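Below is one structure, written out as structure tokens; the observations come after it.
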Amino acid sequence: LISSDLTLKLSLSALCKDTYSKEYYRHRNQLIPLRWMPLEAVAEDDFSCKSDIYAFAVTVWEIFSRGELPFGKMSDREVMAAPSTWRAVCAGPLACSCEVS
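Residues 41 to 141 in this note's numbering are what the sequence shown spells out, letter by letter.
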């Protein structure tokens, strides 16, 4: 995660939950980092190396987008209602070079 002062934070999300943060969504009575989780992790509680890679990829996207919230123009309800959103490839952020994209 990237804080508002652009401090980069890499950690196990389970250890750094801020229960009052807008980055977490209550799902099945648990707070989850919805925007960093793949569909199968949210819908089926299916976690694997692939879901870890997805979360890392979203974090890298967040770094290159200078701290933008993933799917920032969508509400949590819109993200939950549009599972195809998770399958879409994020456009490369403007700060990202063509070589990295």
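For each residue, glycine too, the CB sits at the ideal point set by N, CA and C. On a predicted model such as this, the values are computed, not experimentally measured, just so you know.
If I follow the unbroken alpha helix (DSSP H) through residue i, where does it start and stop?
i    : result
Y65  : Careful: Y65 lies outside any alpha helix (DSSP H), inside the beta strand (DSSP E) at 65 to 67.
L71  : Counting along the chain, L71 falls outside any alpha helix (DSSP H), though it belongs to the beta strand (DSSP E) covering 70 to 72.
R117 : 116 to 121
D92  : 89 to 104
Roughly how many angstroms separate the alpha carbons of residue i and residue j, rounded to a whole number?
i    : j    : result
F104 : A122 : 24 Å
S43  : E63  : 11 Å
T99  : L48  : 10 Å
I want to see whether chain B comes within less than 9 Å of residue i, judged by CB atoms only; does it?
i   : result
W76 : In summary, chain B is missing from the structure at hand, where a single protein chain is found.
Go ahead and label residue i buried or exposed: buried means 16 or more other beta carbons lie within 10 angstroms of its beta carbon, across all protein chains shown.
i    : result
E84  : exposed
E118 : exposed
With contact counted as at least three CB pairs below 8 Å, one residue from each stretch, are the segment 73 to 82 and the segment 104 to 119 in contact?
-> yes
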